[in-house]
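Colleague: Just so you know, our numbering puts 508 at position 103 of the sequence shown, and the rest follows in order with no gaps.
Every residue, glycine too, gets a C-beta built ideally from N, C-alpha and C.
Sharing a structure, written as structure tokens. Questions coming.
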Amino acid sequence: MFDAHCHLTYPGLKEILDRVLPEAATVLTGIVTSAFPFDREKKEDFIDARIALELTQRYNGRVFVSLGLHPTQVVEMSDLEIQKYKEFIFENKDRIVAIGEIGLDRFWIKNEEEYKRSERVFLEMLEVAEKIGKPVVIHSRKAEEEAVEILSSYKLDEKVLMHSFTGNMTTARKALDMGFYFSVNLKVRDTKNMRKIAKGFPLEHILTETDSPFLGPDGGVNTPLGVQYVIEEIARLREVNFEEIDKITTENALIFYGLR
Numbered sequence: 406m407f408d409a410h411c412h413l414t415y416p417g418l419k420e421i422l423d424r425v426l427p428e429a430a431t432v433l434t435g436i437v438t439s440a441f442p443f444d445r446e447k448k449e450d451f452i453d454a455r456i457a458l459e460l461t462q463r464y465n466g467r468v469f470v471s472l473g474l475h476p477t478q479v480v481e482m483s484d485l486e487i488q489k490y491k492e493f494i495f496e497n498k499d500r501i502v503a504i505g506e507i508g509l510d511r512f513w514i515k516n517e518e519e520y521k522r523s524e525r526v527f528l529e530m531l532e533v534a535e536k537i538g539k540p541v542v543i544h545s546r547k548a549e550e551e552a553v554e555i556l557s558s559y560k561l562d563e564k565v566l567m568h569s570f571t572g573n574m575t576t577a578r579k580a581l582d583m584g585f586y587f588s589v590n591l592k593v594r595d596t597k598n599m600r601k602i603a604k605g606f607p608l609e610h611i612l613t614e615t616d617s618p619f620l621g622p623d624g625g626v627n628t629p630l631g632v633q634y635v636i637e638e639i640a641r642l643r644e645v646n647f648e649e650i651d652k653i654t655t656e657n658a659l660i661f662y663g664l665r
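In structure tokens, the structure reads:
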């Protein structure tokens, strides 16, 4: 099993990490944690990202890091902080497997000026990914069509993961035609378009994720071990066994993140 996208150092999960991560890192083939620039509870010098990078050393070969700027954090940061964080990413480019999550968000960002600023930073982060040759993990909540249109202009060698995609199927098929991947989480239980992707898109373009600590299977705090429920749901939808889904989606993640 492979958890292709989670937030190990986010409040809710970080407090129980010493208890749950040793088991998860033993059971799962890999876990990719998407780090935020700073701890939501206290803003320090990229402390969240630094802690995530330390986890890759502690769980060498099982925990990996993606660094990026979530659109909702862009609006909380100054231009100088954003520039410093980009420099931090360049400094640690050999310690990360992807740029992400990055993208656009019209669900949380209602102010058009803030949205345009987040869009500008999205373009900057895509340029970072091009320069260091890393895949990108895309957040595109309620802005899927705009995100895919922007991505079509960049040379990312099809290494684009549409994280937790719930947009319309026309946009989803356009992204698939461009060779993009989709990561499925437990939204698949109650989101029609994610179910369509999980059931009908080529399995070679699907990864599994928890997005933990969010989307817990019982409504509580999720952990990377929750990825088993995602695999079970995909297997049920496609009417195949758990092992087949597990094998293919794990291999997809290893290839996507350059771990093969």
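Pairing CB atoms from the region 483-493 with CB atoms from the region 550-563, are three or more of them under 8 Å?
Modeller: No, they do not touch.
Colleague: Among residues of its own chain, excluding the 5 on either side of Gln633, which ones have a beta-carbon nearer than 7 Å to its beta-carbon?
Modeller: As a working note, residue 633 is residue 228 in the sequence shown. Excluding sequence neighbours, Gln633 sits near Met406.
Colleague: As an exercise, report each continuous alpha helix (DSSP H) stretch of at least 4 residues that is fully enclosed by the region 423-510, in chain order.
Modeller: Qualifying alpha helix (DSSP H) stretches, in chain order: 452-463, 476-479, 484-496.
Colleague: Tell me whether the beta-carbon of Ile436 lies closer than 8 Å to the beta-carbon of Cys411.
Modeller: For the purposes of this step, residue 436 is taken as residue 31 along the sequence shown, with counting starting at 1. For the purposes of this step, residue 411 is taken as residue 6 along the sequence shown, with counting starting at 1. Against a cut-off of 8 Å, the Cβ pair of Cys411 and Ile436 comes out as a contact.
Colleague: Less than 8 Å between the beta carbons of Val626 and Asn590, yes or no?
Modeller: Translated into positions along the sequence shown, residue 626 becomes position 221. Translated into positions along the sequence shown, residue 590 becomes position 185. Their beta carbons are not under 8 Å apart, which means Val626 does not touch Asn590 by this criterion.
Colleague: Which of the three DSSP states, helix, strand or coil, is assigned to Phe647?
Modeller: Numbered from 1 along the sequence shown, position 242 holds the residue referred to as residue 647. Looking at Phe647 - three-state DSSP - the assignment turns out to be helix.
Colleague: Does the region 501-511 touch the region 454-472, meaning 3 or more C-beta pairs lie closer than 8 Å?
Modeller: The region 454-472 vs the region 501-511: in contact.
Colleague: For Glu518, which option in Phe570, Glu609, Val479 has the closest C-alpha, if you only look at C-alpha atoms?
Modeller: The residue labelled residue 518 in the question sits at position 113 within the sequence shown. Glu518 has its Cα closest to that of Val479, out of Phe570, Glu609, Val479.
Colleague: By DSSP's criteria, Phe585 is part of a beta bridge. Which residues make up the other side?
Modeller: Mapped onto the sequence shown, residue 585 falls at position 180. None; Phe585 has no bridge partner.
Colleague: I'd like the span of the beta strand (DSSP E) that includes Phe407, first residue to last.
Modeller: As a working mapping, residue 407 is identified with position 2 in the sequence shown. Note, Phe407: beta strand (DSSP E), 407-411.
Colleague: Is DSSP giving Arg665 helix, strand or coil here?
Modeller: Within the sequence shown, numbered from 1, the residue matching residue 665 stands at position 260. Correct three-state label for Arg665: coil.
Colleague: Quick check on this structure: which residue in Lys491, Met599, Gly508, Leu581 has the alpha carbon closest to the alpha carbon of Glu524?
Modeller: By one-based count along the sequence shown, residue 524 stands at place 119. That would be Gly508, whose Cα lies nearest to the Cα of Glu524.
Colleague: Give me whichever residues DSSP pairs with His544 in a beta bridge.
Modeller: Reading the sequence shown from its first residue, position 139 is the one you call residue 544. BP columns for His544 point to Gly508.
Colleague: Less than 7 Å between C-beta atoms, sequence neighbours within five positions excluded: which residues of the same chain meet that for Phe443?
Modeller: Residue 443 sits at position 38 when you count from the first residue of the sequence shown. Excluding sequence neighbours, Phe443 sits near Glu449, Phe451, Ile452, Asp453.
Colleague: Note the first and the last residue of the continuous alpha helix (DSSP H) segment covering Val553.
Modeller: Taking the first residue of the sequence shown as 1, we reach residue 553 at position 148. Element bounds for Val553: 549-556.
Colleague: For Ile421, which of helix, strand or coil comes out of DSSP?
Modeller: Here residue 421 refers to the residue found at position 16 when the sequence shown is read from its first residue. In this structure, Ile421 counts as helix in the three-state DSSP scheme.
Colleague: Applying the criterion that 16 or more other CB atoms from any shown protein chain within 10 Å of the CB defines a buried residue, is Pro427 buried or exposed?
Modeller: On the sequence shown, residue 427 is found 22 positions in, with the first residue counted as 1. Pro427 is exposed by the Cβ-count criterion.
Colleague: Indicate the three-state DSSP secondary structure (helix, strand or coil) for Ile514 in the structure shown.
Modeller: In the sequence shown, counting from the first residue as 1, residue 514 sits at position 109. It is coil, neither helix nor strand.
Colleague: For Val565, name the three-state secondary structure that DSSP assigns.
Modeller: Working through the sequence shown from its first residue, we reach residue 565 at position 160. It is a strand residue.
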